[in-house]
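Accompanying notes for the structure given below.
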Amino acid sequence: MRKRRYHFVVGLLATVGLLAGSVCLLLSSAGQPSFAWAQQNQVKPKGAQKKQNQNKQDGKNKTTGKPDPAEDPVYRQFGIYENTAPRAARTAPVKTSLPLEIPAASRIALVGNTLLERSRFFGHFETLLQQRFPGHNLVVR
Numbered sequence: 023m024r025k026r027r028y029h030f031v032v033g034l035l036a037t038v039g040l041l042a043g044s045v046c047l048l049l050s051s052a053g054q055p056s057f058a059w060a061q062q063n064q065v066k067p068k069g070a071q072k073k074q075n076q077n078k079q080d081g082k083n084k085t086t087g088k089p090d091p092a093e094d095p096v097y098r099q100f101g102i103y104e105n106t107a108p109r110a111a112r113t114a115p116v117k118t119s120l121p122l123e124i125p126a127a128s129r130i131a132l133v134g135n136t137l138l139e140r141s142r143f144f145g146h147f148e149t150l151l152q153q154r155f156p157g158h159n160l161v162v163r
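Printed below as a string of structure tokens:
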């Protein structure tokens, strides 16, 4: 019974002490300037940002009065155009079974979105591959 009363009194004193400390802190900072203005998000409206970036006097928006230069036919051979671009040959689909069999000394390229691209900074997937195939000398890019 005594222990229970002791713990109650100690808890009550701690609570009162915390409240008194909070009140003192609030009173001491009453005359100080507020920094709430620094926390406000000062984002410009979209129209203002676009108008700011649009400079009528820059080289992009100024016309020179000269005609566009003629295209050099020598460079046309290096262009890849939709009508004449080489197409990959069609292949028949192949049935796959899991788990995939990866031959030794394979080069593995991961193709995907930003999530997969950022995973290269951590090496988790590559580590799992190397642990699964320890003697294969796999190259992952």
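Positions in the sequence shown are counted from 1; adding 22 to them yields the numbering used here.
Even for Gly, the Cβ is constructed at its ideal location relative to N, Cα and C.
| Item | Value |
| --- | --- |
| Supposed contact pair residue 130 and residue 155 - C-beta distance, whole angstroms, cut 8 Å | That belief does not hold up - the Cβ atoms of residue 155 and residue 130 are roughly 10 Å apart, past 8 Å. |
| Sequence-distant residues of the same chain with beta carbon closer than 6 Å to residue 132, five excluded per side | 138 |
| For residue 129, three-class secondary structure by DSSP | strand |
| Contact under 8 Å by Cβ, residue 119 with residue 160 | no |
| Residue 111 beta carbon less than 8 Å from that of residue 158 | no |
| Residue 153 to residue 117 span [Cα, whole Å] | 26 Å |
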